[in-house]
Amino acid sequence: MKVFMFHLMPYAYLDMSFSDKYRSAWVVLPNTYFDPQKGHELYNRYLDELELAAELGF
């Protein structure tokens, strides 16, 4: 059996009230819901997790 590591890299800081105005977080959500600093931190964290998974053999 072979096990793989996969990561969707979600934006964990999304204000869930977006669903009051928009039907989806995909494509139609404006960039005003995105905080670049938080996005930067999350992206680095997710890349670190993928790098660790590779080091562990996943």
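For the sequence shown, this note's numbering begins at 13 and goes up steadily by one.
Yeah, the Cβ is synthetic: ideal placement off N, Cα and C, and Gly gets one too.
A Cβ-Cβ distance of about 5 Å is found for the pair TYR25 and LYS50, placing them in contact under the 8 Å criterion. When secondary structure is reduced to three states using DSSP, GLY69 falls in the coil class, being assigned neither helix nor strand.
Each of TYR55, GLU63, LEU68 was checked against the Cα of PRO22, and the nearest Cα belongs to TYR55. Within the same chain, PHE70 come within 7 Å of VAL15 by CB-CB distance, once the 5 residues on both sides are set aside. If the five residues before and after LEU62 are omitted, its C-beta is found closer than 7 Å to the C-beta atoms of MET17, HIS19, all from its own chain and listed in chain order. Distance check between ASP47 and each of ALA65, ASP27, MET13 places ASP27 closest, using alpha-carbon atoms only.
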